[in-house]
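Enquirer:
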Amino acid sequence: MTTLPDRPNAALLVIDVQNGVVADAHDRDGVIANIRTLVDKARAEDVPVVWVQHSDEGLPRDSDAWRYVPELPHGESEPVVHKNYGDSFEGTDLEAVLAERGVGRVVVTGAQTDACIRATIHGAMVRGYDVTLVGDAHTTEDLTKYGAPPPDQVIAHTNLYWKYQNAPGRQGGTVDTADVAFA
Numbered sequence: 001m002t003t004l005p006d007r008p009n010a011a012l013l014v015i016d017v018q019n020g021v022v023a024d025a026h027d028r029d030g031v032i033a034n035i036r037t038l039v040d041k042a043r044a045e046d047v048p049v050v051w052v053q054h055s056d057e058g059l060p061r062d063s064d065a066w067r068y069v070p071e072l073p074h075g076e077s078e079p080v081v082h083k084n085y086g087d088s089f090e091g092t093d094l095e096a097v098l099a100e101r102g103v104g105r106v107v108v109t110g111a112q113t114d115a116c117i118r119a120t121i122h123g124a125m126v127r128g129y130d131v132t133l134v135g136d137a138h139t140t141e142d143l144t145k146y147g148a149p150p151p152d153q154v155i156a157h158t159n160l161y162w163k164y165q166n167a168p169g170r171q172g173g174t175v176d177t178a179d180v181a182f183a
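Here the sequence shown stands for residues 1 to 183, numbered as in the UniProt record's numbering.
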């Protein structure tokens, strides 16, 4: 239902699954395993996999913390979008990468739920995309010492409200890894 003309395809977005971002993430290994399952499925179905990689003062480019986790190797032909803001579209070439591939629907995975994931799912919908959040393939760290709810509650709340998200001509939704359909 995307509002983007001539964009019938889906793409898998893998956002910020970097050593320094997910080192202390809730259910790190389980989430990465689910993302790996989705990457393998997307590749098998010839669905574009787009890797998004954050950098800033606390996550310097080319540092070990900045690198993607070793469990998720990039395919040579798969684009990597470099970003400096929470929303993966802001100040990046993500829109051009998706347009080139005829993508009108993004399937979103990665980290951090309460920062870059939320910013990107909202940013995508505002830009006209249909947005599927994979509920068991995103994570965040424990920020309770700053007043945030525990990570499992942050994830559950995000999954709940995104499940019912929509806008004119666009659809959100939350599904588990086992239920992802790219077609």
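The C-beta atom is built at its ideal place from N, Cα and C for all residues, glycine as well. These numbers were taken from a predicted model, which means no experiment stands behind them.
Tell me whether Asn166 sits in a helix, a strand or coil according to DSSP, three-state version.
Expert: Strand.
Enquirer: Excluding five sequence neighbours on each side, which residues of the same chain lie with their C-beta closer than 7 Å to the C-beta of Val103?
Expert: Here the set comprises Arg7, Asn9, Ala10, Ala11, Pro48.
Enquirer: For the candidate residues Gly110, Ala124, Asp142, Tyr146, whose alpha-carbon lies nearest to that of Thr37?
Expert: Comparing Cα positions, the closest option is Gly110.
Enquirer: Ignore the nearest five residues each way along the sequence and tell me which others in Asp152's own chain have a CB closer than 7 Å to its CB.
Expert: Excluding positions up to five away in sequence, the list reads His26.
Enquirer: Measuring only the C-alpha atoms, how far is Gly75 from Asp40?
Expert: C-alpha separation (whole angstroms): 10 Å.
Enquirer: Go through the UniProt domain "Isochorismatase-like" (10 to 141) residue by residue and report every complete run of the alpha helix (DSSP H) that reaches 4 residues or more, in order.
Expert: Entirely contained in the UniProt domain "Isochorismatase-like" (10 to 141), the alpha helix (DSSP H) runs reaching 4 residues are, in chain order, 19 to 22, 28 to 44, 94 to 100, 118 to 126.
Enquirer: Can you check which of these residues, Thr132, Leu4, Leu98, Ile121, is closest to Val107 by C-alpha distance?
Expert: It is Thr132.
Enquirer: Out of Ala23, Ala178, Val81, which one is the CA nearest neighbour of Glu71?
Expert: Comparing Cα-Cα distances from Glu71 to each of Ala23, Ala178, Val81, the minimum goes to Ala23.
Enquirer: Which class does Thr177 belong to by DSSP, given the choice of helix, strand or coil?
Expert: If DSSP states are grouped into helix, strand and coil, Thr177 belongs with the helices.
Enquirer: Among the residues of its own chain, which have a CB less than 6 Å from the CB of His157, if the five just before and after it don't count?
Expert: Excluding sequence neighbours, His157 sits near nothing in its chain.
Enquirer: Going straight from the alpha carbon of Leu13 to that of Thr92, what length do you get?
Expert: Those two C-alpha atoms are separated by around 14 Å.
Enquirer: Take Gln171 and list the residues in its own chain whose beta-carbon comes closer than 6 Å to its own, dropping the five residues that flank it on each side.
Expert: Excluding positions up to five away in sequence, the list reads Met1, Asp130.
Enquirer: Report all residues from its chain with a CB closer than 8 Å to the CB of Asp136; omit the five preceding and five following residues, and keep chain order.
Expert: Gly30, Val31, Asn34, Asp176, Thr177, listed in sequence order.
Enquirer: Distance check for Arg101 and Asp64, CA to CA, integer angstroms please.
Expert: Approximately 31 Å between the Cα atoms of the pair.
Enquirer: Does the distance from the C-beta atom of Val69 to that of Asn19 stay below 8 Å?
Expert: Yes, the Cβ-Cβ distance between Val69 and Asn19 is below 8 Å.
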